[in-house]
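Chemist:
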Amino acid sequence: MNLETLKVLYEDNHLIVVVKPSGVLSQEDNTKDPDMLSLIKQYLKEKYNKPGNVYLGLVHRLDRMTGGVMVFAKTSKAASRLSEQIRNHEFEKSYLAVTNNRITKKHDNLIDYILVDEKSGISKIDQSGKKASLEYKVIKEVDVFSLLDIKLHTGRHHQIRIQFASRGYPLYGDMLYGNGPKISLSLYAYSLKFYHPVTKEQLVFEHFPTNGIWEMFN
0 MNLETLKVLY
10 EDNHLIVVVK
20 PSGVLSQEDN
30 TKDPDMLSLI
40 KQYLKEKYNK
50 PGNVYLGLVH
60 RLDRMTGGVM
70 VFAKTSKAAS
80 RLSEQIRNHE
90 FEKSYLAVTN
100 NRITKKHDNL
110 IDYILVDEKS
120 GISKIDQSGK
130 KASLEYKVIK
140 EVDVFSLLDI
150 KLHTGRHHQI
160 RIQFASRGYP
170 LYGDMLYGNG
180 PKISLSLYAY
190 SLKFYHPVTK
200 EQLVFEHFPT
210 NGIWEMFN
């Protein structure tokens with residue numbers, strides 16, 4: 000991932016919307032691997048010839064192995080207002096996922112309580128954890144696989160992966176909560192809906208995956 004391959008869906012004075020590839024960090028961690036926050040800062044620095052540090056607010060994250068649409072704030076005011084929308088559940092994220100096994104119930108709401116092991120970073124279903132809620136519908140089935148459209152109501156750690164794996168429907172390519180295969184995780188944040196932090200206009204951005212297992216459903 001570099002500046003040449005950075006896909007920008009939208010940009011104005013207040014925010015920038017991009018596509019994060021699977022395998023790229025949202026924000027730098029102790030691995031020092033490439034991350035979206037640093038990459039976009041470099042993009043802005045070069046595009047506008049800005050000296051010194053460039054402000055860029057990280058208002059939400061995608062897990063490393065999850066690709067899809069992300070928005071970053073270019074001002075602190077925009078960051079604050081987008082974060083407020085997230086707290087008020089006005090910030091909608093929708094995902095595509097492929098499960099290894101066909102799901103019997105074609106549409107449902109899943110509610111669990113998720114606890115994260117801080118040492119391992121692994122989530123599990125546990126009544127002492129935080130409430131996790133999502134809604135899904137099956138939009139296509141091919142062979143043993145189900146393609147799901149998922150709307151998150153909460154944003155818990157590895158929420159989608161553990162909620163489906165715990166019911167016997169691990170995501171295709173999930174080595175942590177399923178049994179592989181060892182390929183890209185079939186989870187993609189294809190849609191982002193929120194209100195512009197200044198104009199208040201509702202914005203919707205979509206981007207769809209095409210390679211690997213996704214080709215089967217296109």
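Each step along the sequence shown adds one to the number in numbering that gives the first Met the number 0, with nothing skipped, and position 204 is 203. Cβ coordinates follow ideal geometry from the N, Cα and C atoms, glycine included.
Mind checking which residues open and close the beta strand (DSSP E) that includes Tyr42?
Modeler: The residue labelled residue 42 in the question sits at position 43 within the sequence shown. Segment Met35 to Lys46 is the alpha helix (DSSP H) holding Tyr42; no beta strand (DSSP E) there.
Chemist: Could you tell me which uninterrupted beta strand (DSSP E) segments, each at least 3 residues in length, are contained entirely in the segment 117 to 157, listed from first to last along the chain?
Modeler: Entirely contained in the segment 117 to 157, the beta strand (DSSP E) runs reaching 3 residues are, in chain order, 122 to 124, 129 to 141 and 144 to 151.
Chemist: Buried or exposed for Phe163, going by 16 or more other Cβ atoms inside 10 Å?
Modeler: Start at 1 with the first residue of the sequence shown, and residue 163 comes out as number 164. Result: buried.
Chemist: Which term fits Ser75, buried or exposed, when burial requires 16 or more other beta carbons within 10 angstroms of its beta carbon?
Modeler: The residue labelled residue 75 in the question sits at position 76 within the sequence shown. Under this definition Ser75 is an exposed residue.
Chemist: Which partner residues of Thr98 appear in the DSSP bridge assignment?
Modeler: The residue labelled residue 98 in the question sits at position 99 within the sequence shown. Thr98 pairs with Ser145 and Leu170.
Chemist: Whose CA, out of Glu91, Phe144 and Leu36, lies closest to the CA of Tyr189?
Modeler: Working through the sequence shown from its first residue, we reach residue 189 at position 190. Closest by alpha carbon: Glu91.
Chemist: Give the DSSP bridge partners of Ala77, in chain order.
Modeler: Residue numbering aside, residue 77 sits at position 78 when the sequence shown is read from its first letter. Bridge partners of Ala77: none, in fact.
Chemist: Out of curiosity, what's the CA-to-CA distance linking Gly56 and Ser132?
Modeler: Counting from one through the sequence shown, the residue named residue 56 turns up at place 57. Counting from one through the sequence shown, the residue named residue 132 turns up at place 133. Rounded to whole angstroms, Gly56 to Ser132 spans 26 Å at the Cα level.
Chemist: From His13, Leu2, Thr98 and Leu151, pick the residue whose C-alpha is nearest to that of Asp173; which is it?
Modeler: Position 174 of the sequence shown, counting from 1, holds the residue named residue 173. Nearest of His13, Leu2, Thr98 and Leu151 to Asp173, Cα basis: Thr98.
Chemist: Please report how far the alpha carbon of Val18 lies from the alpha carbon of Asn1, in whole angstroms.
Modeler: Taking the sequence shown and counting its residues from 1, one reaches residue 18 at position 19. Taking the sequence shown and counting its residues from 1, one reaches residue 1 at position 2. Distance between the alpha carbons of Val18 and Asn1 is about 12 Å.
Chemist: Using 8 Å as the threshold, is the segment 77 to 94 in touch with the segment 107 to 114, meaning 3 or more CB pairs across them?
Modeler: Judged by Cβ distances under 8 Å, the segment 77 to 94 makes no contact with the segment 107 to 114, as fewer than three pairs qualify.
Chemist: Of the choices His152, Gly211 and His195, whose alpha-carbon is the least far from that of Ser183?
Modeler: For the purposes of this step, residue 183 is identified with residue 184 of the sequence shown, where counting begins at 1. Selected option, being the one with the closest Cα: Gly211.
Chemist: Checking the sheet assignment: what are the DSSP bridge partners for Asp107?
Modeler: Here residue 107 refers to the residue found at position 108 when the sequence shown is read from its first residue. Bridge partners of Asp107: Tyr135.
Chemist: Suppose the cutoff is 6 Å on Cβ atoms and the five residues either side in sequence are ignored; what does the same chain contact list for Val58 look like?
Modeler: Against the sequence shown, residue 58 aligns to sequence position 59. Ala72, Ala78, Leu81 and Ser82.
Chemist: Given a threshold of 16 other Cβ atoms within 10 Å of its Cβ, counted over all protein chains shown, does Gly120 qualify as buried or as exposed?
Modeler: By 1-based counting over the sequence shown, the position of residue 120 is 121. Exposed: under 16 other Cβ atoms inside 10 Å.
Chemist: If you drop the 5 nearest sequence neighbours on each side, which residues of the same chain put their C-beta closer than 8 Å to that of Asn12?
Modeler: One-based indexing of the sequence shown puts residue 12 at position 13. Cβ within range, chain order: Lys73 and Thr74.
Chemist: How big is the Cα-Cα spacing for Ile138 and Leu146?
Modeler: Numbered from its first residue, the sequence shown carries residue 138 at position 139. Numbered from its first residue, the sequence shown carries residue 146 at position 147. Rounded to the nearest angstrom, the two C-alpha atoms are 6 Å apart.
Chemist: Going by CA-CA distance only, name the one from Leu175, His156, Met69 and Asp148 that's closest to Val203.
Modeler: Counted from its first residue, the sequence shown places residue 203 at position 204. When only C-alpha atoms are compared, the closest one is Met69.
Chemist: How far does the beta strand (DSSP E) with Ile250 in it extend, from its first residue to its last?
Modeler: One cannot answer for residue 250 here, as it falls past the ends of the chain, which runs 0 to 217.
Chemist: Under the rule that 16 or more other beta-carbon atoms within 10 Å means buried, what is Thr65, buried or exposed?
Modeler: By one-based count along the sequence shown, residue 65 stands at place 66. By the neighbour-count rule (16 or more Cβ atoms within 10 Å), Thr65 is buried.
Chemist: Tell me, to the nearest whole angstrom, how far the beta carbon of Ser93 is from that of Lys150; I am working on the premise that it is less than 8 Å.
Modeler: As a working mapping, residue 93 is identified with position 94 in the sequence shown. As a working mapping, residue 150 is identified with position 151 in the sequence shown. Rounded, the Cβ-Cβ distance is 5 Å, consistent with contact.
Chemist: Using the three-state DSSP reduction, which class does Leu55 fall into: helix, strand or coil?
Modeler: As a first step, residue 55 is located in the sequence shown; it is residue number 56 there, counting from the start. It is coil, neither helix nor strand.
Chemist: Applying the 10 Å Cβ sphere with the 16-neighbour rule, what's the burial state of Val143?
Modeler: Within the sequence shown, the letter at position 144 stands for residue 143. It is exposed - the Cβ of Val143 has fewer than 16 other Cβ atoms within 10 Å.
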